[in-house]
Amino acid sequence: MRPRQRISDRFLKTIAPYESIYVAMHDNPDPDAVASGWAIVWLIEQKLGKKARLVGGGEIVRAENQHMVRLLGPPIELVGTVACAENSAVVLIDCQAGNQNHLFCQGPLEPMGVIDHHPTRGRRARLEFRDIRPHMAATASIAASYLREQKLEPGTKLATALLFAIRTETRGSETRYSRLDKSVLLWLTEWADPSLLAEIESAPLSVEYYGDLILALQSTFLYGDVAYCLLPRANGPEIVGEVADLLIRCDSIWRVLCGAVFQGDLILSVRTEREDDDAAELVRRTLDGIGQGGGHLHRAGGKIRGVGPKITDDLQDALRNRWLDACGVTNRRGVRLVPKREIVENL
Ligand SMILES: [Mn+2]
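Following the working numbering, the numbering of the sequence shown begins with 171 at its first residue and continues without gaps.
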């Protein structure tokens with residue numbers, strides 16, 4: 171009997187005929203996108219003897235993620251656009267063809283493959299290769315399982331990146347690990363360097379970070395167990411996720427939206443701790459008709475394009491009302507997370 175073809179074999183077979191290969195991460199790539207993409211380009215190099223390019227748009231701002239790039243040196247290229255030759259393959263990693271958050275959402279090439287762990291929304295794109303597993307904690311687990319299937323032992327840095335990626339994807343309230351996530355974690359531990367990992371996780375923080383943090387805490391309002399926080403400034407797009415992760419750990423907050431204007435767009439992050447919730451659905455209800463978003467059950471994000479350098483009062487009110495509506499909150503009287511009296515008295 172012929173052994174069943176493994177998914178990594180099928181992946182390699184599908185992309186083998188292409189002359190050049192682009193592995194595309196989502197914009198402002200997070201550790202999961204970076205590490206998974208790195209594993210996939212390395213797999214291609216090792217097994218097909220071809221050099222694939224790992225590309226993405228935007229930037230990396232979160233201190234830990236910058237430190238990860240600095241210490242581990244993943245072969246990422248952050249670019250504005252890509253000029254692709256004919257007979258090129260585009261494989262999306264940690265995002266999907268229907269999303270608007272990657273370099274190839276408006277051409278020049280249709281992605282032919284997807285490796286991801288987000289649920290698919292809307293129309294299912296036609297793809298030559300599809301490996302989408304929403305029950306997995308991280309795309310990095312899927313990518314690492316390809317390496318394991320192909321009997322490739324990752325180097326220390328790649329293994330550390332993959333491990334870090336899985337850990338970041340299970341931060342905040344997204345804490346579910348599938349069986350494959352767990353077995354991959356164990357396998358990676360053999361190659362990864364725990365001290366490098368610790369170093370990444372305690373990355374140095376800038377003075378601006380503390381400024382952002384205090385402004386975030388001062389801008390947080392509670393409506394029962396629902397929190398709303400609009401940051402007056404943002405040094406980068408990742409701060410909204412960071413603040414949302416911090417706020418959701420508060421024992422009296424069960425749902426949080428954190429937003430900020432960055433380079434003219436309003437970006438937002440949503441977290442929920444409620445078992446029966448769907449954070450991606452909350453984002454979509456909040457942004458219905460005015461923006462786009464998606465994500466997971468407990469963590470999600472979204473964007474309203476072109477709101478200007480500053481958000482208007484009208485949009486601010488609309489956003490808060492939409493969020494509270496999405497959460498079914500009827501009492502619109504919010505209280506500050508930190509009372510104003512305390513802020514003023516201790517200045
Ligand atoms: Mn991911």
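C-beta atoms are modelled at their ideal positions from N, C-alpha and C, and glycine is treated no differently.
All figures in this text were calculated on a predicted structure; none of them were measured in a lab.
Residue i CB to nearest heavy atom of ligand 1 below 7 angstroms
{"i": "residue 339", "result": "yes"}
Three-state class that DSSP yields for residue i in the structure shown
{"i": "residue 376", "result": "coil"}
{"i": "residue 285", "result": "strand"}
{"i": "residue 507", "result": "coil"}
{"i": "residue 302", "result": "strand"}
{"i": "residue 252", "result": "coil"}
{"i": "residue 392", "result": "strand"}
{"i": "residue 467", "result": "coil"}
{"i": "residue 247", "result": "strand"}
Rounded C-alpha distance that separates residue i from residue j
{"i": "residue 491", "j": "residue 444", "result": "20 angstroms"}
{"i": "residue 205", "j": "residue 477", "result": "32 angstroms"}
{"i": "residue 400", "j": "residue 386", "result": "7 angstroms"}
{"i": "residue 132", "j": "residue 392", "result": "There is no way to answer for residue 132, as the model of the chain reaches only from 171 to 517."}
{"i": "residue 210", "j": "residue 422", "result": "41 angstroms"}
{"i": "residue 428", "j": "residue 471", "result": "9 angstroms"}
{"i": "residue 273", "j": "residue 251", "result": "7 angstroms"}
{"i": "residue 327", "j": "residue 314", "result": "13 angstroms"}
{"i": "residue 194", "j": "residue 225", "result": "5 angstroms"}
{"i": "residue 508", "j": "residue 341", "result": "24 angstroms"}
{"i": "residue 437", "j": "residue 397", "result": "16 angstroms"}
- Message: Quick check: the segment 324 to 338 against the segment 359 to 378, are at least 3 beta-carbon pairs closer than 8 angstroms?
- Response: yes
- Message: Residues around ligand 1, please: the condition is that the C-beta lies closer than 5 angstroms to some non-hydrogen atom of it.
- Response: 202, 264 and 309
- If you pair each beta-carbon of the segment 317 to 327 with each one of the segment 207 to 224, do three or more pairs fall below 8 angstroms? yes
- Say whether the segment 350 to 357 touches the segment 296 to 309, bearing in mind that this needs 3 or more beta-carbon pairs closer than 8 angstroms, one atom from each stretch. yes
- Query: Is the segment 261 to 270 in contact with the segment 283 to 299, if contact means three or more CB pairs nearer than 8 angstroms?
  - Reply: yes
- Should the segment 448 to 455 be called in touch with the segment 407 to 421, which here means at least 3 C-beta pairs below 8 angstroms? no
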